[in-house]
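*Asks:*
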Amino acid sequence: MGERLAETERKYETAVSEAGPGGSDPGARTPEALEGLEELAGVAEVRRPEPDRLDAVYYDTADLALAAHRTTLRRRTGGQDAGWHLKLPTTRPDTRTEVHAPLGDAAGAPPDELRTEIAAIVRGRPLAPVVRLRTLRRRTLLVDAAGRTLAEIAHDEVRADLAGADTPADSANPSPSPDSAPAPEPAWTPGPAWTETEVELADGDPGLLDAVEERLLAAGMHRSSSASKLAHALGDHLVPPLPRPPAVPASAGQTATGYLHEQLTALLALDPAVRRAEEDAVHRMRVATRRARSALKSFGRELDRKVTDPLGAELSGWPARSGWSATGRC
0 MGERLAETER
10 KYETAVSEAG
20 PGGSDPGART
30 PEALEGLEEL
40 AGVAEVRRPE
50 PDRLDAVYYD
60 TADLALAAHR
70 TTLRRRTGGQ
80 DAGWHLKLPT
90 TRPDTRTEVH
100 APLGDAAGAP
110 PDELRTEIAA
120 IVRGRPLAPV
130 VRLRTLRRRT
140 LLVDAAGRTL
150 AEIAHDEVRA
160 DLAGADTPAD
170 SANPSPSPDS
180 APAPEPAWTP
190 GPAWTETEVE
200 LADGDPGLLD
210 AVEERLLAAG
220 MHRSSSASKL
230 AHALGDHLVP
240 PLPRPPAVPA
250 SAGQTATGYL
260 HEQLTALLAL
270 DPAVRRAEED
280 AVHRMRVATR
290 RARSALKSFG
300 RELDRKVTDP
310 LGAELSGWPA
320 RSGWSATGRC
């Protein structure tokens, strides 16, 4: 079972962000905004370890299904946490769930334990490399009087390569292959290069993120327009994320689709928990399934019944086909 942790971080960029490892962009050195951080409340010491060189390959389906669900899967060498990393969205601001797995002996297929986490999104389709990122990382550690790291600031120079001559999303779907089969090494083509600064909370209070942000904004930085390095690398090739329903529905139709969106999100989030046989996960998935089925009936006048009636029938028989008992156990 992979190690799971919550990652809370904010990402920033400068007005001029085109650069690469060893480039001449103004962001190539640690920004002046990161000087004098000892003045921040709770910070007793600032440490700056030697730079790290990171090499990460990101995996996705041919149509970038993971990226569309704000999910990233990578294999990274170099730095403090080499290995396989899966990052999943959460409902908490600036926070994602990160699942780690060992690096392994050589590049190959993603570990089964991580594939289980994304099975409901991938749905048996092959995973292949789509982006390679090479990063020169300069870290700044904010440490308290007890020696605990409160936050880590990473100033990154990034260079991206894209898989294949065509965009990943436009490439033909590869023929199905066993989940455990390693994907062939792609022909990399040069992509964008840029610098960015990440501030990740460790043992510190969330208010420390605000204090660091105030300094970065005052120095001319701004919140990154990209949710992740992968999104930045893909640029226009990125499939738009699944639309979120409006916070305040303006019609019965929006109310229906918003509620159904909640249940779909719950089903996708619960799928890996069910596969891991977590306590109460099957019961919660049954509840989400029942609510979705009920909504399809209740909002029938607002929906296309030719589409939703077969879906409702499928949901009705799903628990039995999945081997779920009335007690909520497989």
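Sequential numbering from 0 applies to the sequence shown in numbering that gives the first Met the number 0. Quick reminder that beta carbons are idealized off the backbone N, C-alpha and C, glycines included.
Let me check understanding here. Comparing Cα to Cα, which of Leu310, Leu314, Ala272 lies closest to Leu113?
*Replies:* Within the sequence shown, the letter at position 114 stands for residue 113. Per the Cα distances, Ala272.
*Asks:* Check whether the Cβ atoms of Arg133 and Thr60 sit closer than 8 Å, and answer yes or no.
*Replies:* Counting from one through the sequence shown, the residue named residue 133 turns up at place 134. Counting from one through the sequence shown, the residue named residue 60 turns up at place 61. Contact flag unset, no.
*Asks:* Cutting at 7 Å between CB atoms, please list the residues of its own chain near Leu310, excluding the five before and the five after it.
*Replies:* Residue mapping note: residue 310 aligns to position 311 of the sequence shown, counting from 1. Closer than 7 Å at Cβ, skipping near neighbours: Leu295.
*Asks:* What residues are listed by DSSP as bridge partners for Tyr57?
*Replies:* Taking the first residue of the sequence shown as 1, we reach residue 57 at position 58. Tyr57 pairs with Arg73, Val130.
*Asks:* Can you find the residues in the same chain that come closer than 8 Å, C-beta to C-beta, to Arg47, ignoring five residues on each side of it along the sequence?
*Replies:* Numbered from 1 along the sequence shown, position 48 holds the residue referred to as residue 47. These residues qualify, in order along the chain: Thr29, Arg137, Arg138, Thr139, Leu140.
*Asks:* Express the C-alpha separation of Leu87 and Leu207 in angstroms, rounding to a whole number.
*Replies:* Position 208 of the sequence shown holds residue 207. Position 88 of the sequence shown holds residue 87. Cα to Cα, Leu207 sits roughly 24 Å from Leu87.
*Asks:* Once you ignore the five residues that flank Ala251 on each side, which residues in its own chain have a CB closer than 6 Å to its CB?
*Replies:* On the sequence shown, residue 251 is found 252 positions in, with the first residue counted as 1. Counting only Cβ-Cβ distances below 6 Å, and skipping sequence neighbours, we find Glu301.
*Asks:* Could you compute how far the alpha carbon of Val331 sits from the alpha carbon of Leu4?
*Replies:* Any answer about residue 331 is impossible in this case: the structure gives the chain only from 0 up to 329.
*Asks:* Using the beta-carbon count (16 or more within 10 Å), is Ser223 buried or exposed?
*Replies:* Reading the sequence shown from its first residue, position 224 is the one you call residue 223. Ser223 comes out buried.
*Asks:* Using the DSSP secondary-structure output, state which residues sit across from His154 in a beta bridge.
*Replies:* As a working mapping, residue 154 is identified with position 155 in the sequence shown. In the DSSP output, where bridge partners are listed per residue, His154 has Arg137, Thr196.
*Asks:* Can you check which of these residues, Thr76, Asp62, Glu199, is closest to Leu127 by C-alpha distance?
*Replies:* Here residue 127 corresponds to residue number 128 of the sequence shown, with the count starting at 1. Going by the sequence as given, residue 127 is Ala instead of Leu. Checking every option, the nearest Cα to that of Ala127 belongs to Asp62.
*Asks:* If you count every other CB in all the chains shown that lies within 10 Å of the CB of Asp155, and 16 or more means buried, which is it?
*Replies:* Residue numbering aside, residue 155 sits at position 156 when the sequence shown is read from its first letter. By the 10 Å Cβ count, Asp155 comes out buried.
*Asks:* Kindly identify the DSSP beta-bridge partner or partners of Thr307.
*Replies:* Residue mapping note: residue 307 aligns to position 308 of the sequence shown, counting from 1. None; Thr307 has no bridge partner.
*Asks:* Are the CB atoms of Ile120 and Ala64 within a distance shorter than 8 Å?
*Replies:* In the sequence shown, the residue the question calls residue 64 occupies position 65. In the sequence shown, the residue the question calls residue 120 occupies position 121. Contact flag set, yes.
*Asks:* Starting from Val121, trace the alpha helix (DSSP H) in both directions and tell me its first and last residue.
*Replies:* As a working mapping, residue 121 is identified with position 122 in the sequence shown. Counting along the chain, the alpha helix (DSSP H) containing Val121 begins and ends at 118 to 121.
*Asks:* Counting only C-beta atoms, is Arg122 closer than 8 Å to chain B at any point?
*Replies:* Chain labels in this structure do not include chain B; a single protein chain is all it has.
*Asks:* Tell me, please, which residues DSSP counts as bridged to Arg9.
*Replies:* Taking the first residue of the sequence shown as 1, we reach residue 9 at position 10. Bridge partners of Arg9: Val198.
*Asks:* As a quick exercise: from Val142, Trp187, His236, pick the residue whose alpha carbon is nearest that of Ala162.
*Replies:* Counted from its first residue, the sequence shown places residue 162 at position 163. The candidate whose alpha carbon is nearest that of Ala162 is Trp187.
*Asks:* Could you pull the start and end residues of the beta strand (DSSP E) that His236 belongs to?
*Replies:* To locate residue 236, count along the sequence shown from 1; it is residue 237. Neither: His236 is in no beta strand (DSSP E) and is coded neither H nor E.
*Asks:* Alpha carbon to alpha carbon, how far is Ser315 from Val211? Give it in angstroms, no decimals.
*Replies:* Reading the sequence shown from its first residue, position 212 is the one you call residue 211. Reading the sequence shown from its first residue, position 316 is the one you call residue 315. Their Cα atoms are separated by approximately 51 Å.
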